[in-house]
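**Q** Sequences listed follow chains A and B, in order.
The numbering of the first sequence is the numbering used here, which starts it at 1 and goes up by one.
The numbering of the second sequence is the numbering used here, which starts it at 1001 and goes up by one.
Virtual Cβ for every residue (Gly too), placed ideally from N, Cα, C.
Number of protein chains: 2
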Amino acid sequence: MTAQDIADLAGVSRSAVSRAFTQGAYIDPGKRARVLKAADDLGYRPNAMAAGLQGARSNLVAIFVGEMANEYDKEVTTALVTGLNGIGKWPIVIAGSGQTARDAVSKVLSYPLEAMILRSGSLDADIAGACSKLGIPVISSGRVQDLPGVDNVCCRNRDGTALGTRLLLDKGRRRLGFIGGPPGFASSRDRRLGVMDTLAAAGLTPVSEVVGGFTVQSGHDAIIATPALAKADALICANDAMAIGALSALKERGIGVPDDISVIGFDDISMARWPAFDLTTLRNPIDGLVAAVLDLLTTREHDPDRAERTVLLDAPLILRSTH
Amino acid sequence: MTAQDIADLAGVSRSAVSRAFTQGAYIDPGKRARVLKAADDLGYRPNAMAAGLQGARSNLVAIFVGEMANEYDKEVTTALVTGLNGIGKWPIVIAGSGQTARDAVSKVLSYPLEAMILRSGSLDADIAGACSKLGIPVISSGRVQDLPGVDNVCCRNRDGTALGTRLLLDKGRRRLGFIGGPPGFASSRDRRLGVMDTLAAAGLTPVSEVVGGFTVQSGHDAIIATPALAKADALICANDAMAIGALSALKERGIGVPDDISVIGFDDISMARWPAFDLTTLRNPIDGLVAAVLDLLTTREHDPDRAERTVLLDAPLILRSTH
DNA sequence: CATCGATGTGAACACGTGTTCAGATACGCC
DNA sequence: GGCGTATCTGAACACGTGTTCACATCGATG
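Encoded structure:
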C-alpha cells in the first residue's frame, strides 16, 4: 500500500499524492480531496520510515526510566508520555538497569531519535555521553549533568527538605529523626543536606538517622528496627513511600501521628493523598517537570545549537494532617 | 555518519560494512573486525529507518494504555515495557482517551509497527478495526474482541469474584455488599456477575450494591454515602483501589476489619501488600499477562497467518488479613 | 497581442540500508 | 595445467517518501 497505489486509484501522479498530504503545497483543492478520499478508502497513510529517511522529522523520542520501581517514577513516566503525545511526539520507553538496559539503549539509538529523556539512574552518565557523541539532544531529570547537548530539569531537593525541617522546628519539634534514601542517588544526598543544614542552623543534630531503600517496606522496617526513630517527636523521610511505611509502623506501635510524632515525606505521590495517609509532604512537581521537558524539547527543535539549560523546580510544602 | 563513511575509513566497500553488521554473511573475519573497529570509533550504527525501509524487522510495537489512571494499569504498563525490552522490541506508548488519543493512534500507525497492544479502553474496538485493516496484529488485553488478526489475553474475572464470594460465604458471611466498577468496562460487568451468580446459588442477594469509579476516593465515598454498605458483614470490591478506599472509611467509622466486616479486592496491586492494608484480594496476574503477550507476539512473528488465539488467565485468591 | 506572475504538474533525485548477482580469487584434486 | 568448488567481493537495485526542477496552463495587466 504505497503512494503509487493511491495515485493509480485516483488517476493522478504519485507526486500529487505526496502533495495532498503536505500542508501548504501547491495542489488543486479538488484533486487533493480526491486523493484523500482514495487514501481513506484504502486505509493508506504515508510511511513514516520512508518519510523520515527523506528528511522529515521522525517525531520519535526515547524515555529511559530505569527500574520504575517506585510510584513516583511511574507517575512521572505516565505524565511524560501523556505530555509528549500531546505535542505529537512518540516516546519509545526503555526500562531496566545494568547491561541489559545498556544494550537496549544502544539498539534504540539506531532509530533517528529527536531526543533522549533520562530519569535518574546509574546509567545516566553513560547514556548521556553516547547521545552526545551521536548528536542526540538529552534531557536529564533528577540529576544535573554537565555535558554538551544535555539539558537538565531538577527539583530543588535541598531547599525542599530545608523547608520541611523548618516547619517541624517552628512547630516546636526538637528531636528529629531522618530516614534517608539509598546512596548513589543525587536526590538522596541533597535531601539529606537540606535537613542537616537546617538542624545545624538551629544548633541541633538528628536524634536518629537511618538509610532506607525508597520503598514502603524499608520505611516500615526502619521504625521497627530502630527504636530511637519511633521515640523522636518528628520524622522526615526522603520520599513518600518510606513515610507511608513509617506511618503504618507507628500506628502498629500505637504512636499517635501527629500528636506524638510528626511525619513528613517527599514527592507527593498520589497515595499521599489517600485517606488512609493524608501525608504532609513536599511536592516534587510532576506538572512542572513535564512542562519543562516539553519546553526544552520544542525550543531545541527550533534551535538545535542553543546553549544547554538547567531548569530548577521548587518543591512546595503540602500541608496535610501528619505534621 | 553513514555506512559509506565507515567504508571509506576502513578502506572497504559499503557492501562490506553492511555485511560486517549482518550475522552469518560472507565476509573475511579480519575485514569484519576492521569494519567494526572503525564503526565503533566513529560511533556509527546502521540507521534503523533505512534498514526497515529495505525490509528488515522494525522491532517497533505500540502500546495503547488509555488514561493509565489507576495503579493496576501503571503496573501492567511497566511490566509490559520491561518484558518487551527483554525480547528486543521497542514499545511506543500512547496514553489518553477521546479524539486526542484517536488522532495519536492514527499517526503512530504510519510507523511500521509489528503489533499493537491494547489495554482495555473505550477506543479499543475502533483501534483494533483500524489495525486489522492495515494488517497490523493486535493483542488486546482486558476485553475479548472477535476481530480478524486480534489475539486476546484476559483474566477470568467472573470466576475470580465467584471464588472470592465463595470464600466469604464459607466464612459464614451472609450480608454481602458490592462496590462495582464503572459501566462500559467488560471487567466491571464480569466481576459483578461472578458475585451475583454465587450469591444467587446460595439463595442470596447483596444487601447493598454501589457503582464506583475504580478509584480509592470512590471506594471511600461509597462507604460514607451508603450506610447499608457499612452495615454489611462482608464487602467485595471490583478492584483493589476501591477496596483500599473502603478500608479507610471503615476504619474512620470505627468498624473493625475483618472482625465486623470482611473486605476483598481485585487485582493485587502492590499497595494491597502495604502494611497499612494487607488486603485479601484476587490477583489479576501481571506476569501471566506479560508472558502471554510476549508469546502471542513471537508466535505471530514466526507465523503471521496463524489463527487468532484467546488466552484466559486464572485469578487466584490471595489470602491476607482483611477477609 | 505580448508579457508576467500565480498556480499547478509530473519526472527525477536523494535519503541509507540489506540483498542479489555476476564475477574474482584461492584452493584442492585429477 | 585444467577443472570444480568454496569463499569473498563490489556494483546495482529496491524500499517509499518529500522536494526540487523545468515546464505547462491560465488570467490579468500593459
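Could you give the residue range of the alpha helix (DSSP H) that holds Pro1227(B)?
**A** Here residue 1227(B) refers to the residue found at position 227 of the second sequence. Unbroken alpha helix (DSSP H) run through Pro1227(B): 1227-1230.
**Q** So Pro29(A) is in the alpha helix (DSSP H); what residue range does that whole segment cover?
**A** As a position in the first sequence, residue 29(A) is number 29, starting the count at 1. Its alpha helix (DSSP H) spans residues 29-42.
**Q** With 16 as the cutoff for other CB atoms within 10 Å, does His1302(B) come out buried or exposed?
**A** The sequence position of residue 1302(B) within the second sequence is 302, counting from 1. His1302(B) is exposed by the Cβ-count criterion.
**Q** Chain A beta carbons: is any one of them nearer than 8 Å to that of Tyr1111(B)?
**A** The residue you call residue 1111(B) lines up with position 111 of the second sequence. At least one chain A Cβ lies under 8 Å of Tyr1111(B).
**Q** If contacts are defined as beta-carbon pairs under 8 Å, then Gly180(A) and Val211(A) qualify, I think. What distance do you get, rounded to the angstrom?
**A** For the purposes of this step, residue 180(A) is taken as residue 180 along the first sequence, with counting starting at 1. For the purposes of this step, residue 211(A) is taken as residue 211 along the first sequence, with counting starting at 1. Contact flag correct, Cβ pair sits at about 5 Å.
**Q** What are the residues of the segment 248-265 of chain A that lie near chain B, defined by any Cβ-Cβ distance shorter than 8 Å?
**A** Listed in sequence order: Ser248, Ala249, Lys251, Glu252.
**Q** Bridge partners of Ala234(A), per DSSP?
**A** Residue numbering aside, residue 234(A) sits at position 234 when the first sequence is read from its first letter. According to DSSP, which records beta bridges pairwise, Ala234(A) is partnered with Leu176(A), Ser262(A).
**Q** Would you grab the beta carbon distance between Gly1213(B) and Asp1240(B) for me? Rounded to a whole angstrom, and I think it's under 8 Å.
**A** Counting from 1 along the second sequence, the entry for residue 1213(B) is found at position 213. Counting from 1 along the second sequence, the entry for residue 1240(B) is found at position 240. Between Asp1240(B) and Gly1213(B) the Cβ distance is about 14 Å, and since that is not below 8 Å, they are no contact.
**Q** Tell me, which residues are paired with Trp1090(B) by DSSP?
**A** Counting from 1 along the second sequence, the entry for residue 1090(B) is found at position 90. Leu1060(B), per the DSSP bridge assignment.
**Q** Mind checking if Gly1331(B) is an interface residue toward chain A, Cβ cutoff 8 Å exclusive?
**A** No answer is possible for residue 1331(B): it lies beyond the span of chain B, which begins at 1001 and ends at 1323.
**Q** Secondary structure at Val293(A), three-state DSSP: helix, strand or coil?
**A** Residue numbering aside, residue 293(A) sits at position 293 when the first sequence is read from its first letter. In the structure shown, Val293(A) sits in a helix (DSSP, three-state: H, G or I).
**Q** Let me see if you follow: with CB-CB separation under 8 Å, is Ala1016(B) close to chain A or not?
**A** Counting from one through the second sequence, the residue named residue 1016(B) turns up at place 16. Chain A, which has no Cβ nearer than 8 Å to the Cβ of Ala1016(B), makes this no.
**Q** Whose CA, out of Asp1124(B), Pro1227(B), Asn1284(B), Ala1101(B), lies closest to the CA of Glu1071(B)?
**A** The residue you call residue 1071(B) lines up with position 71 of the second sequence. That would be Asn1284(B), whose Cα lies nearest to the Cα of Glu1071(B).
**Q** Using 8 Å for Cβ pairs, my map puts Ala315(A) next to Arg156(A). What's the rounded Cβ distance?
**A** Taking the first residue of the first sequence as 1, we reach residue 315(A) at position 315. Taking the first residue of the first sequence as 1, we reach residue 156(A) at position 156. Contact flag correct, Cβ pair sits at about 6 Å.
**Q** Give a yes or no on whether the C-beta atoms belonging to Ile1136(B) and Met1116(B) are separated by under 8 Å.
**A** If you number the second sequence from 1, residue 1136(B) lands on position 136. If you number the second sequence from 1, residue 1116(B) lands on position 116. Contact flag set, yes.
**Q** So what does DSSP say about Asn1157(B), is it helix, strand or coil?
**A** Along the second sequence, read from residue 1 onward, the residue named residue 1157(B) stands at position 157. In this structure, Asn1157(B) counts as helix in the three-state DSSP scheme.
**Q** Report the neighbours of Ile92(A) on chain B: residues whose CB is nearer than 9 Å to its CB, in chain order.
**A** For the purposes of this step, residue 92(A) is taken as residue 92 along the first sequence, with counting starting at 1. Those within 9 Å of Ile92(A) in chain B are Leu1060, Trp1090, Pro1091, Ile1092, Val1093.
**Q** What's the gap between the Cα of Asp8(A) and the Cα of Tyr111(A)?
**A** Mapped onto the first sequence, residue 8(A) falls at position 8. Mapped onto the first sequence, residue 111(A) falls at position 111. Rounded to the nearest angstrom, the two C-alpha atoms are 32 Å apart.
**Q** Would you say Gly1055(B) faces chain A, with C-beta separation under 8 Å as the test?
**A** As a position in the second sequence, residue 1055(B) is number 55, starting the count at 1. Not closer than 8 Å to any Cβ of chain A, the Cβ of Gly1055(B) fails to qualify, so no.
**Q** For the pair the segment 1139-1146 of chain B and the segment 1268-1280 of chain B, tell me if three or more CB-CB distances fall below 8 Å.
**A** In short, these stretches do not touch, since the Cβ pair count stays below three.
**Q** Does any residue of chain B have a CB that is nearer than 8 Å to the CB of Asn152(A)?
**A** On the first sequence, position 152 is the one that residue 152(A) refers to. Answer no: the Cβ-Cβ gap between Asn152(A) and chain B never drops below 8 Å.
**Q** With a cut-off of 8 Å, does the C-beta of Leu1134(B) fall near any C-beta of chain A?
**A** Counted from its first residue, the second sequence places residue 1134(B) at position 134. So yes, Leu1134(B) belongs to the interface.
**Q** Give the residues from the segment 36-48 of chain A that approach chain B closer than 7 Å (Cβ to any Cβ), ordered along the chain.
**A** Under the 7 Å Cβ criterion, the segment 36-48 of chain A contributes Gly43, Arg45, Pro46, Asn47, Ala48.
**Q** Assuming the contact rule is C-beta atoms closer than 8 Å, Leu296(A) and Ala234(A) should be a hit. Round their C-beta distance to whole Å, please.
**A** On the first sequence, position 296 is the one that residue 296(A) refers to. On the first sequence, position 234 is the one that residue 234(A) refers to. With a Cβ gap of about 37 Å, Leu296(A) and Ala234(A) do not count as contacting.
**Q** If contacts are defined as beta-carbon pairs under 8 Å, then Leu113(A) and Ala1050(B) qualify, I think. What distance do you get, rounded to the angstrom?
**A** The count along the first sequence starts at 1 and reaches residue 113(A) at position 113. The count along the second sequence starts at 1 and reaches residue 1050(B) at position 50. The pair is not a contact, with the Cβ atoms about 15 Å apart (cut-off 8 Å).
**Q** Would you please state the rounded distance, in angstroms, between the beta carbons of Ala1062(B) and Val1108(B)? I believe it to be under 8 Å.
**A** Taking the first residue of the second sequence as 1, we reach residue 1062(B) at position 62. Taking the first residue of the second sequence as 1, we reach residue 1108(B) at position 108. Contact flag correct, Cβ pair sits at about 5 Å.
**Q** For the beta strand (DSSP E) that Ala1115(B) lies in, which residues bound it at each end?
**A** By one-based count along the second sequence, residue 1115(B) stands at place 115. Unbroken beta strand (DSSP E) run through Ala1115(B): 1115-1119.
**Q** Where do the ends of the alpha helix (DSSP H) carrying Val17(A) lie?
**A** As a working mapping, residue 17(A) is identified with position 17 in the first sequence. First-last of the alpha helix (DSSP H) with Val17(A): 14-21.
**Q** Express the C-alpha separation of Ala1016(B) and Gly1024(B) in angstroms, rounding to a whole number.
**A** The residue you call residue 1024(B) lines up with position 24 of the second sequence. The residue you call residue 1016(B) lines up with position 16 of the second sequence. Straight-line Cα distance between these residues: approximately 13 Å.
**Q** Residues bridged to Asp1287(B) by DSSP?
**A** To locate residue 1287(B), count along the second sequence from 1; it is residue 287. Note: Asp1287(B) sits in no beta bridge, so no partner.
**Q** How do the segment 1218-1229 of chain B and the segment 1146-1160 of chain B stand: do at least 3 beta-carbon pairs fall below 8 Å, yes or no?
**A** In short, these stretches do not touch, since the Cβ pair count stays below three.
**Q** Mapping DSSP to helix, strand and coil, what is Ile139(A)?
**A** On the first sequence, residue 139(A) is found 139 positions in, with the first residue counted as 1. Looking at Ile139(A) - three-state DSSP - the assignment turns out to be strand.
**Q** Does any C-beta atom of chain B lie closer than 8 Å to the C-beta of Thr82(A)?
**A** Start at 1 with the first residue of the first sequence, and residue 82(A) comes out as number 82. At least one chain B Cβ lies under 8 Å of Thr82(A).
**Q** Beta strand (DSSP E) containing Glu1209(B): first to last residue?
**A** Translated into the one-based positions of the second sequence, residue 1209(B) becomes position 209. Looking at the DSSP string, the run of the beta strand (DSSP E) that includes Glu1209(B) is 1208-1211.
**Q** Report the three-state DSSP secondary structure of Leu9(A) (helix, strand or coil).
**A** Within the first sequence, numbered from 1, the residue matching residue 9(A) stands at position 9. Three-state result, Leu9(A): helix.
**Q** Here's the rule: buried if 16 or more other CB atoms are within 10 angstroms of the residue's CB, otherwise exposed. What is Glu1075(B)?
**A** In the second sequence, counting from the first residue as 1, residue 1075(B) sits at position 75. Result: buried.
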